[in-house]
Amino acid sequence: MLVTLLIFSLGCTSKGVDTHSDPPDGGVPVALSIEAVSGPSGSLAWLTEITGADLDQVAFQGLRAGSWVDACVGVSRCVLAAGAEAIRVQTLDEGHSSEEVQPAAYTLSGALEREDAAYWVDEAVAFSLSEEGERSPAELYLQREGPEGSSWWDGSLWLSSPTLLAGNEAVAGGTEPGRVVYALVAGVPAEDWGLEAGVEASEVLALARVELSVIELGRKVLWGDPHVHSDLSLDGCEDFASGCQGPDTEPAADVFRNAEAAGLQWTVLADHAEMSTYWGSPEAEPIDIWTRQQELAFEADGGPVLPFIGYEWTYARDYFDDDGYREGGHRTVVLEEPTACPEWRIGASPNPTDQLKGWGTTVVSVANLVAATSPDLMRQAMVDAGELCGEMRSLFIVHHPALSRPQPIDWRRTDNAPDARFEPLVEMVSEHGTSECFDVSDPHCDFRLFDADGYYSWGSFQAALSLGYKLGVMGGTDTHDALPASFDDGPSATSITLRDGSLAWQTYQGAMTGTMTAAPYDRYALFDALFARTTLASTGPFVEPRAWVETVEGQILLPGTEVDSAEPVTVHVSLSGAYDPDEFVVAGIDLLNEAGDTVASVEAKASDAEAILSTTISGDDCVACYVRVRLYEREDEEGERLWLSPWFF
Numbered sequence: 000m001l002v003t004l005l006i007f008s009l010g011c012t013s014k015g016v017d018t019h020s021d022p023p024d025g026g027v028p029v030a031l032s033i034e035a036v037s038g039p040s041g042s043l044a045w046l047t048e049i050t051g052a053d054l055d056q057v058a059f060q061g062l063r064a065g066s067w068v069d070a071c072v073g074v075s076r077c078v079l080a081a082g083a084e085a086i087r088v089q090t091l092d093e094g095h096s097s098e099e100v101q102p103a104a105y106t107l108s109g110a111l112e113r114e115d116a117a118y119w120v121d122e123a124v125a126f127s128l129s130e131e132g133e134r135s136p137a138e139l140y141l142q143r144e145g146p147e148g149s150s151w152w153d154g155s156l157w158l159s160s161p162t163l164l165a166g167n168e169a170v171a172g173g174t175e176p177g178r179v180v181y182a183l184v185a186g187v188p189a190e191d192w193g194l195e196a197g198v199e200a201s202e203v204l205a206l207a208r209v210e211l212s213v214i215e216l217g218r219k220v221l222w223g224d225p226h227v228h229s230d231l232s233l234d235g236c237e238d239f240a241s242g243c244q245g246p247d248t249e250p251a252a253d254v255f256r257n258a259e260a261a262g263l264q265w266t267v268l269a270d271h272a273e274m275s276t277y278w279g280s281p282e283a284e285p286i287d288i289w290t291r292q293q294e295l296a297f298e299a300d301g302g303p304v305l306p307f308i309g310y311e312w313t314y315a316r317d318y319f320d321d322d323g324y325r326e327g328g329h330r331t332v333v334l335e336e337p338t339a340c341p342e343w344r345i346g347a348s349p350n351p352t353d354q355l356k357g358w359g360t361t362v363v364s365v366a367n368l369v370a371a372t373s374p375d376l377m378r379q380a381m382v383d384a385g386e387l388c389g390e391m392r393s394l395f396i397v398h399h400p401a402l403s404r405p406q407p408i409d410w411r412r413t414d415n416a417p418d419a420r421f422e423p424l425v426e427m428v429s430e431h432g433t434s435e436c437f438d439v440s441d442p443h444c445d446f447r448l449f450d451a452d453g454y455y456s457w458g459s460f461q462a463a464l465s466l467g468y469k470l471g472v473m474g475g476t477d478t479h480d481a482l483p484a485s486f487d488d489g490p491s492a493t494s495i496t497l498r499d500g501s502l503a504w505q506t507y508q509g510a511m512t513g514t515m516t517a518a519p520y521d522r523y524a525l526f527d528a529l530f531a532r533t534t535l536a537s538t539g540p541f542v543e544p545r546a547w548v549e550t551v552e553g554q555i556l557l558p559g560t561e562v563d564s565a566e567p568v569t570v571h572v573s574l575s576g577a578y579d580p581d582e583f584v585v586a587g588i589d590l591l592n593e594a595g596d597t598v599a600s601v602e603a604k605a606s607d608a609e610a611i612l613s614t615t616i617s618g619d620d621c622v623a624c625y626v627r628v629r630l631y632e633r634e635d636e637e638g639e640r641l642w643l644s645p646w647f648f
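Numbering that gives the first Met the number 0 numbers the first residue of the sequence shown as 0 and each following residue consecutively.
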């Protein structure tokens with residue numbers, strides 16, 4: 000489990016103020032100065048100056064329960080037991096003493112360092128020698144006791160012998176699962192003390208120890224955008240300035256290069272299924288859209304971005320069926336292989352037509368080889384395509400499910416119930432807004448809602464969970480300008496012409512999906528992660544919360560998995576070291592149940608070291624428990640959001 004490290008920085012010291020006064024009987028004035036550091040297992044104090052007294056007449060004292068108690072007499076350094084409220088040194092005749100010294104105490108925090116991307120290692124340590132970065136007479140060492148014995152950190156490597164730490168350090172985590180004991184130690188070198196009396200050589204004194212957990216989760220987060228439109232869609236708009244006229248010969252040419260520039264590891268080119276042929280101008284040759292998508296995926300394959308093709312199935316003929324339920328006809332289809340035959344491209348309308356894009360001359364034809372006019376028929380068409388062309392996996396993802404514009408879904412409708420063969424995930428957020436909460440008046444549920452009156456509660460993520468559906472989270476842009484995860488430029492334009500002749504824009508900046516993927520991180524491993532629901536959605540920041548459930552038997556379960564335990568389990572969520580506290584000054588972590596009730600919550604207002612949630616829950620607390628992370632750029636202004644897939648009980 001994650002442990003908040005409370006080691007005290009042994010090089011951070013407080014220095015006593017010299018006290019000089021006339022001694023009784025005309026003796027020599029006495030000067031005593033000390034420094035001190037503290038750790039959970041004790042405090043270390045040492046003399047830095049002594050004049051006018053013999054060492055055997057000097058006593059170190061610790062303040063406990065309001066009384067000064069002698070700890071060491073006749074020595075130049077003293078290790079006191081833990082719990083000293085203050086430390087001082089004085090002569091035995093009590094005629095002269097130094098000012099009291101408060102033991103210096105500085106908090107350390109866990110941080111994320113993954114040398115091996117196949118692990119989430121929860122054992123990294125960050126610390127500094129002093130608040131000002133200055134050297135102290137105490138020398139600092141860090142020791143790790145592991146299965147292979149003790150080793151010492153030199154700032155970059157673990158070595159077999161003690162190595163002095165010379166400044167601000169960050170200690171890298173290991174890559175072996177298990178338990179590791181750290182000791183922060185101080186050595187006091189004799190030559191730095193400046194004492195007049197003789198002293199013995201320094202030894203290394205351990206003052207603080209902490210036991211940490213190293214959790215093997217075996218995953219790397221791969222970031223991607225599952226819902227990207229280009230000029231190959233009727234409403235795509237790669238060039239707003241031209242009225243979305245589009246290029247003559249190379250539509251969508253930069254989609255996967257744009258994904259690489261945005262820092263993504265995978266992207267889905269998901270133009271509308273109804274679109275079959277593209278003419279950039281009357282003089283240009285027609286382009287078969289399905290072939291064009293496949294060519295682009297082949298060109299990008301083997302590069303830094305895993306290229307996927309898919310489409311948006313848009314059955315928007317009516318919002319209601321005969322029983323008054325929402326149709327739910329906007330769904331993204333993602334295909335595992337770019338070699339899929341044309342029968343996999345299933346439209347919603349069987350009616351062919353030619354339509355003009357935007358203000359220009361570009362024309363897109365609508366003529367589907369295969370059409371399905373209901374979710375059930377869509378699923379059957381996918382089964383038929385597999386039998387005809389060869390089996391492969393495909394995802395069928397409902398998007399903007401609670402937003403009346405462009406269209407919501409009613410999870411109560413029978414044919415909207417998710418089919419585990421195709422539908423492990425649902426979109427939480429896109430350029431249209433968020434679909435998280437059943438009741439948008441609940442705390443933190445009004446995030447990126449353009450029109451609360453147009454919000455449809457029975458399409459929300461919480462509504463689906465409350466009905467017992469086991470759905471993980473996805474985030475996408477639904478961008479229409481061929482720019483995946485382009486958060487800095489805000490929402491994208493579309494080629495839809497409004498009544499006043501202007502072109503329509505999306506509402507928000509969109510989101511992306513992180514998949515906790517196992518090696519070898521290829522398209523098949525990515526699909527494994529998607530179907531396992533080990534996913535998170537982010538509205539922009541590449542922040543990777545470490546989150547898992549730990550059972551009493553020690554089993555570790557990632558978000559999106561089912562928890563089969565009669566005993567209570569512990570949920571761990573940590574943002575420690577995962578985001579820049581200068582970018583987000585406040586972080587909130589909410590653990591919510593399927594109804595949106597808060598099971599546990601933490602607010603971190605000082606630094607990212609505090610952004611840790613650990614709580615014990617059982618099946619009585621939730622049918623499905625999921626994590627929402629709130630990141631604030633200022634304390635009074637929420638900036639970004641992340642959501643993690645639920646654990647299902």
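Heads up, the beta-carbon is just placed ideally off N, CA and C, and yes, glycines get one too.
(1) Grouping DSSP H, G and I as helix and E and B as strand, with all else coil, what is Met-391?
(2) Could you work out which residue in Met-427, Ser-613, Gln-293, Ser-459 is closest to Val-439 when comparing CA atoms only?
(3) So for Phe-530, helix, strand or coil by DSSP?
(4) Compute the Euclidean distance between the alpha carbons of Thr-433 and Asn-367, then round it to the nearest angstrom.
(5) Check whether chain D comes within 9 Å of Glu-237, counting only Cβ atoms and requiring the distance to be less than that.
(6) For the candidate residues Pro-558, Thr-476, Val-425, whose alpha-carbon lies nearest to that of Ser-229?
(7) Going straight from the alpha carbon of Asp-418 to that of Asp-521, what length do you get?
(8) Roughly how many angstroms lie between the CA atoms of Arg-547 and Val-568, to the nearest whole one?
(9) Expressed to the nearest angstrom, what Euclidean distance is found between the alpha-carbon atoms of Phe-647 and Thr-533?
(10) Could you name the residues that DSSP lists as bridge partners for Val-472?
(11) So which of Glu-326, Pro-519, Met-515, Val-382 has the shortest CA-CA distance to Arg-411?
(12) For the 8 Å Cβ check, are there 3 or more pairs between the stretch 499-512 and the stretch 467-484?
(13) What are the complete beta strand (DSSP E) segments, minimum 3 residues, inside the stretch 318-348?
(14) If you scan the stretch 504-563 from start to end, which runs of the beta strand (DSSP E) of 3 or more residues do you find wholly inside it?
(15) According to DSSP, is Gly-173 helix, strand or coil?
(16) If I measure Cβ to Cβ from Gln-89 and keep anything under 8 Å in the same chain, skipping five residues before and after, which residues do I get?
(17) Excluding the 5 residues preceding and the 5 following Ala-481 in the sequence, name in chain order all residues of the same chain whose CB lies nearer than 8 Å to its CB.
(18) Nearest to Gly-301 by alpha carbon, out of Arg-291, Leu-394, Leu-535, Trp-265?
(19) From what residue to what residue does the alpha helix (DSSP H) around Glu-294 run?
(20) Output the boundary residues of the alpha helix (DSSP H) element that contains Glu-634.
(21) Just tell me which of Trp-642, Glu-390, Gly-328 has its CA closest to the CA of Ile-396.
(22) Taking the alpha-carbon positions, what's the Phe-526 to Arg-404 distance?
(23) So for Trp-410, helix, strand or coil by DSSP?
(24) Could you pull the start and end residues of the alpha helix (DSSP H) that Arg-256 belongs to?
(25) Between the Cα of Gly-245 and those of Ala-283, Thr-550, Arg-218, spot the shortest distance and give me the residue it belongs to.
(26) Out of Cys-624, Ser-149, Gln-292, Phe-530, which has the shortest C-alpha to C-alpha gap to Leu-424?
(27) What does DSSP give as the partner residues of His-571 in its beta bridges?
(28) Between the stretch 577-597 and the stretch 611-624, can you find at least three pairs of beta-carbon atoms closer than 8 Å?
(29) For Glu-651, which residues of its own chain have a beta-carbon under 6 Å away from its beta-carbon, when the five flanking residues on both sides are left out?
(30) When burial is assigned at 16 or more other CB atoms within 10 Å of the CB, is Ser-159 buried or exposed?
(31) Hey, could you find the ends of the alpha helix (DSSP H) Ala-599 is sitting in?
(32) Among Ser-456, Glu-430, Val-428, which residue has its Cα nearest to the Cα of Asp-441?
(33) Answer with buried or exposed for Pro-645, where buried requires no fewer than 16 other C-beta atoms within 10 angstroms of its C-beta.
(34) Answer yes or no: the CB of Glu-335 versus the heavy atoms of the ligand MG, is any distance below 8 Å?
(35) Whole angstroms are fine: how far does the CA of Leu-221 sit from the CA of Gly-513?
(36) Assuming Leu-263 contacts Val-304 (C-beta within less than 8 Å), just tell me the rounded distance between them.
Judging by the given coordinates:
(1) Taking the sequence shown and counting its residues from 1, one reaches residue 391 at position 392. Coil at Met-391, not helix or strand.
(2) Taking the first residue of the sequence shown as position 1, residue 439 is located at position 440. The shortest C-alpha separation from Val-439 is found at Ser-459.
(3) Position 531 of the sequence shown holds residue 530. Phe-530: helix per DSSP, three-state reduction.
(4) For the purposes of this step, residue 433 is taken as the residue at position 434 of the sequence shown. For the purposes of this step, residue 367 is taken as the residue at position 368 of the sequence shown. Asn-367 has its alpha-carbon roughly 31 Å from the corresponding atom of Thr-433.
(5) Structure shown: chain D not included; a single protein chain is present.
(6) What you label residue 229 is simply residue 230 of the sequence shown in a count that begins at 1. Ranking Pro-558, Thr-476, Val-425 by Cα distance to Ser-229 puts Thr-476 first.
(7) In the sequence shown, residue 418 corresponds to position 419, counting from 1. In the sequence shown, residue 521 corresponds to position 522, counting from 1. Between Asp-418 and Asp-521, the C-alpha separation is close to 25 Å.
(8) As a first step, residue 547 must be located in the sequence shown, where it is residue number 548. As a first step, residue 568 must be located in the sequence shown, where it is residue number 569. First, the residue type needs correcting, since residue 547 is Trp and not Arg in the sequence shown. Using only the alpha carbons, I get a separation of about 10 Å.
(9) Reading the sequence shown from its first residue, position 648 is the one you call residue 647. Reading the sequence shown from its first residue, position 534 is the one you call residue 533. Going from the Cα of Phe-647 to the Cα of Thr-533 covers about 12 Å.
(10) The residue labelled residue 472 in the question sits at position 473 within the sequence shown. Answer is Val-425, bridged to Val-472.
(11) Mapped onto the sequence shown, residue 411 falls at position 412. Minimum Cα distance to Arg-411 is reached at Glu-326.
(12) yes
(13) 329-334
(14) 511-516, 534-537, 545-549
(15) The residue you call residue 173 lines up with position 174 of the sequence shown. Below a pLDDT of 50, predicted positions are generally treated as unreliable, and Gly-173, at 45, falls in that range; no measurement from the model is reported.
(16) Locating residue 89 in the sequence shown gives position 90, counting from the first residue. Within the same chain, Gln-89 has close Cβ partners Leu-31, Val-57, Ala-58, Gln-60, His-95, Ser-96, Ser-97.
(17) For this step, residue 481 is matched to residue 482 along the sequence shown. Only Val-227, His-228, Ser-229, Asp-230, Gly-235, Glu-237, Ala-251, Asp-253, Val-254, Asn-257 meet the Cβ criterion.
(18) Looking up residue 301 in the sequence shown gives position 302. Comparing Cα-Cα distances from Gly-301 to each of Arg-291, Leu-394, Leu-535, Trp-265, the minimum goes to Trp-265.
(19) What you label residue 294 is simply residue 295 of the sequence shown in a count that begins at 1. DSSP places Glu-294 in the uninterrupted alpha helix (DSSP H) bounded by 288-299.
(20) In the sequence shown, counting from the first residue as 1, residue 634 sits at position 635. Careful: Glu-634 lies outside any alpha helix (DSSP H) and carries neither H nor E.
(21) By one-based count along the sequence shown, residue 396 stands at place 397. It is Gly-328.
(22) Translated into positions along the sequence shown, residue 526 becomes position 527. Translated into positions along the sequence shown, residue 404 becomes position 405. Rounded to the nearest angstrom, the two C-alpha atoms are 30 Å apart.
(23) Counted from its first residue, the sequence shown places residue 410 at position 411. In this structure, Trp-410 counts as coil in the three-state DSSP scheme.
(24) Position 257 of the sequence shown, counted from the start, is the residue given in the question as residue 256. Arg-256 -> alpha helix (DSSP H) spans 254-260.
(25) Within the sequence shown, numbered from 1, the residue matching residue 245 stands at position 246. Nearest of Ala-283, Thr-550, Arg-218 to Gly-245, Cα basis: Ala-283.
(26) Here the question's residue 424 lines up with position 425 in the sequence shown. Ranking Cys-624, Ser-149, Gln-292, Phe-530 by Cα distance to Leu-424 puts Phe-530 first.
(27) By one-based count along the sequence shown, residue 571 stands at place 572. Paired residue(s): Trp-547, Ser-613.
(28) yes
(29) Because the chain is modelled from 0 through 648, residue 651 falls outside the range shown and cannot be assessed.
(30) As a position in the sequence shown, residue 159 is number 160, starting the count at 1. Exposed, since its Cβ has fewer than 16 Cβ neighbours within 10 Å.
(31) In the sequence shown, counting from the first residue as 1, residue 599 sits at position 600. Looking at the DSSP string, Ala-599 is not in any alpha helix (DSSP H); the run it does join, the beta strand (DSSP E), is 597-603.
(32) Position 442 of the sequence shown, counting from 1, holds the residue named residue 441. Measuring from the Cα of Asp-441, the nearest candidate turns out to be Ser-456.
(33) Here residue 645 refers to the residue found at position 646 when the sequence shown is read from its first residue. Buried, by the Cβ-count rule.
(34) As far as ligands go, the structure on display features none, and thus does not contain the ligand MG.
(35) Translated into positions along the sequence shown, residue 513 becomes position 514. Translated into positions along the sequence shown, residue 221 becomes position 222. Straight-line Cα distance between these residues: approximately 5 Å.
(36) For this step, residue 263 is matched to residue 264 along the sequence shown. For this step, residue 304 is matched to residue 305 along the sequence shown. The Cβ separation is near 6 Å, so the contact holds.
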